[in-house]
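J.: For the sequence shown, position 72 matches number 72 in full-length UniProt numbering, and the numbering has no gaps at all.
For every residue, glycine included, the Cβ atom is placed at its ideal position computed from N, Cα and C.
Keep in mind it's a predicted model, so treat the numbers as computed, not measured.
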Amino acid sequence: MRIMYLLDHDRFPFKMSHSLFFMHHILIIFISIPLLCSFLHPFLFSVIMAVVALETQFHVLAVDDSLIDRMLIERLLKTSSFNVTTVDSATKALKFLGLVEDELKTFETSVASEIHQQDVDVNLIITDYCMPGMTGYDLLRKIKESKSLKNIPVVIMSSENVPSRINRCLEEGAEEFFLKPVQQADVNKLKPHLMKSRTKEEQEQPLINNKRKDMEEIYSPNKTRLRCST
Numbered sequence: 001m002r003i004m005y006l007l008d009h010d011r012f013p014f015k016m017s018h019s020l021f022f023m024h025h026i027l028i029i030f031i032s033i034p035l036l037c038s039f040l041h042p043f044l045f046s047v048i049m050a051v052v053a054l055e056t057q058f059h060v061l062a063v064d065d066s067l068i069d070r071m072l073i074e075r076l077l078k079t080s081s082f083n084v085t086t087v088d089s090a091t092k093a094l095k096f097l098g099l100v101e102d103e104l105k106t107f108e109t110s111v112a113s114e115i116h117q118q119d120v121d122v123n124l125i126i127t128d129y130c131m132p133g134m135t136g137y138d139l140l141r142k143i144k145e146s147k148s149l150k151n152i153p154v155v156i157m158s159s160e161n162v163p164s165r166i167n168r169c170l171e172e173g174a175e176e177f178f179l180k181p182v183q184q185a186d187v188n189k190l191k192p193h194l195m196k197s198r199t200k201e202e203q204e205q206p207l208i209n210n211k212r213k214d215m216e217e218i219y220s221p222n223k224t225r226l227r228c229s230t
């Protein structure tokens with residue numbers, strides 16, 4: 001018989017301090033956080049909570065024009081407990097991220113787009129290099145040029161081992177360059193970049209919130225705008 005311990009961290013509909021039952025010959029034991037505190041050494045409890053925090057699902061945006069490669073990378077990422085969104089082009093990735101390419105957009109549209117970018121919950125982008133239209137390298141440059149998205153880690157994939165191409169992507173800000181077919185060992189390299197990115201987000205979040213508040217006040221429909229006299 002196997003035993004599985006699950007922490008009840010306000011994610012399970014159990015009102016008791018602890019619960020247990022059998023499912024498919026597996027003993028499932030639910031332990032609430034307060035109960036865990038009562039019998040674990042404080043240091044051990046802090047270690048467990050750190051592990052729980054590390055295992056919080058990250059959202060990865062995967063970009064590849066090949067259906068087979070998209071399915072493969074999606075399966076590998078989900079095996080590592082990532083939440084995955086897949087798109088088949090760099091243009092669709094930009095749209096998902098809220099990046100507007102129209103160079104003639106007005107200032108108000110630009111502000112609204114920037115607010116939308118800040119709401120996009122993507123922790124890492126992994127993209128193929130060779131794609132019709134916009135390449136993965138072009139997508140990388142667009143992301144690194146964006147004030148609100150530049151801290152999102154970007155990983156490039158390619159079936160061609162071209163040193164000059166690899167160096168160019170790394171110099172432009174890519175965290176990794178994986179050769180296809182991508183392996184589970186490659187995916188395992190992503191978590192350090194994700195944790196580093198989350199630390200940056202936590203440090204910059206107060207500034208982002210203040211900027212968003214200022215923008216919302218400026219463009220509030222209830223705010224009277226001054227008209228220019230002719």
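On a Cα-Cα basis, can you pick out the residue from S81, S164, D88 and S148 that is closest to D64?
T.: The shortest C-alpha separation from D64 is found at D88.
J.: Around the Cβ of M157, are there at least 16 other Cβ atoms within 10 angstroms (buried) or fewer (exposed)?
T.: Buried.
J.: Can you name, in chain order, every residue of its own chain whose Cβ lies under 8 Å from the Cβ of A93, other than the five neighbours on each side?
T.: Within the same chain, A93 has close Cβ partners L61, V63, V87, I125, T127 and L139.
J.: Using the DSSP secondary-structure output, state which residues sit across from E176 in a beta bridge.
T.: Answer is V155.
J.: Going along the chain, which residues of its own chain have a beta-carbon closer than 6 Å to the beta-carbon of G80, five neighbours each way excluded?
T.: A small correction: the amino acid at residue 80 is Ser; Gly does not occupy that position in the sequence shown. The answer, listed in chain order, is V187.
J.: Under the three-state reduction of DSSP, which class applies to T91: helix, strand or coil?
T.: Three-state result, T91: helix.
J.: Quick one: Cα of L20 to Cα of V155, how far?
T.: Residue confidence for L20 is low, a pLDDT of 45 falling below 50, so the modelled location carries little weight and cannot support an answer.
J.: Taking its Cβ as the centre, do 16 or more other Cβ atoms sit within 10 Å of L170, making it buried, or is it exposed?
T.: The residue is exposed, with fewer than 16 neighbouring Cβ atoms inside 10 Å.
J.: In terms of residues, what are the limits of the alpha helix (DSSP H) holding D128?
T.: Careful: D128 lies outside any alpha helix (DSSP H), inside the beta strand (DSSP E) at L124 to D128.
J.: Mind checking which residues open and close the alpha helix (DSSP H) that includes L72?
T.: Looking at the DSSP string, the run of the alpha helix (DSSP H) that includes L72 is L67 to T79.
J.: Could you pull the start and end residues of the alpha helix (DSSP H) that L139 belongs to?
T.: Note, L139: alpha helix (DSSP H), G136 to E145.
J.: Is the distance from the Cβ of L194 to the Cβ of F58 below 8 Å?
T.: Cβ atoms of L194 and F58: closer than 8 Å.
J.: V182 and I73 look like a contact to me (Cβ under 8 Å); what is the Cβ gap, rounded to whole Å?
T.: Indeed they touch by this definition, with Cβ atoms about 6 Å apart.
J.: What are the boundary residues of the beta strand (DSSP E) that V162 is part of?
T.: Premise fails: V162 is in no beta strand (DSSP E) and is neither H nor E.
J.: Could you tell me the boundaries of the beta strand (DSSP E) in which V187 lies?
T.: First-last for V187: Q184 to V187, but that is the alpha helix (DSSP H), not the beta strand (DSSP E).
J.: Out of I143, V122, S159 and G98, which has the shortest C-alpha to C-alpha gap to S66?
T.: Nearest option by C-alpha distance: S159.
J.: Rounded to the nearest angstrom, what separates L27 and K189 at their Cα positions?
T.: Bear in mind that a pLDDT of 49 at L27, under 50, signals an unreliable position, so the number given afterwards is only what the model happens to contain. Taking the straight line joining both Cα atoms gives about 33 Å.
J.: Along the chain, where does the beta strand (DSSP E) containing L61 start, and where does it finish?
T.: Segment H59 to V63, the beta strand (DSSP E) holding L61.
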